[in-house]
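Notes for the one structure printed next.
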Amino acid sequence: MASWKERMAGDLREVVFTEEEILAKVGEIGREIARDYGDKRVLMVGILNGCFPFMADLVRSVHTHIEVDFMSVSSYGGGTQSSGVVRILKDLNKTIEGHHVLLVEDIIDTGLTARYLLDNLLTRHPASLEVCSLLDKREARAEEVSIRYVGFECPNEFVVGYGLDYEGLYRNLPYIGVLNQEVYSRS
Ligand code: IMP
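If you use my numbering, the sequence shown corresponds to residues 1463 to 1649, in order.
What follows is the structure, given as structure tokens:
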């Protein structure tokens, strides 16, 4: 019988970013963040659910004092198309007034979610507000978003793994890939 790993790999048409590439890139971003913020304490705000593996690896590669908080938003009702509707399901635990805030996203696709979050957080008067996204799907952009830290430019395809899901699955893959067409017709 095929192992879990083999079955998951069989659901992918191709691997776009390997585990090694991702971890090397996350290390680079972490070093950049530590260098840029220096003595300023940064509050890293992860956007759940997709950010969790990236956030976990990233915070451990930022070798300076940081704080961490999370927000949970829903922007997709399932499937692969952005609905454009953003709802805050879990807000920050603390106020951010006067704090240096770095929003951490798994992927910026249409930019609708990030734009909504940035506008929302700006009303809370942070000292600074920047965006870090592992993937940038630039071709799909509908809303302009300036991303201070980008891991990789992502092809304009629906990708899964390393936090990114399709209907709740594949988040636990250690790499990122494009799903086979056949997986969509199965669900
Ligand atoms: P945006 O609002 O279109 O920029 O997309 C924001 C959210 O949609 C991301 O944080 C992801 O959760 C999800 N998303 C966008 N593109 C993909 C993809 O290719 N694979 C999996 N999730 C995606």
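Even for Gly, the Cβ is constructed at its ideal location relative to N, Cα and C.
In the displayed model, K1467 falls within a helix according to three-state DSSP.
The residues L1505, V1507, L1554, N1555 and K1556, in chain order, have a CB closer than 7 Å to that of D1531 in the same chain once the five nearest residues on each side in sequence are set aside.
Bounds of the beta strand (DSSP E) holding F1479 are L1474 to F1479. Taking the Cα of A1496 as reference, the smallest distance to any Cα among I1509, D1598, S1523 and K1487 is reached at S1523. Closest in C-alpha terms to L1596, from the list A1604, V1563 and V1622, comes V1622. Taking non-hydrogen atoms of the ligand IMP into account, the C-beta of F1479 is found less than 6 Å away from none of them. Between I1609 and L1626 a beta carbon distance of about 17 Å is seen, past the 8 Å cut, so the two are scored as non-contacting. K1599 is classed as buried because its beta carbon has at least 16 other beta carbons within 10 Å across all chains shown.
Residue state for S1647 is assigned as helix, using DSSP reduced to three classes. Looking at the backbone, the Cα of G1500 and that of R1648 are separated by about 49 Å.
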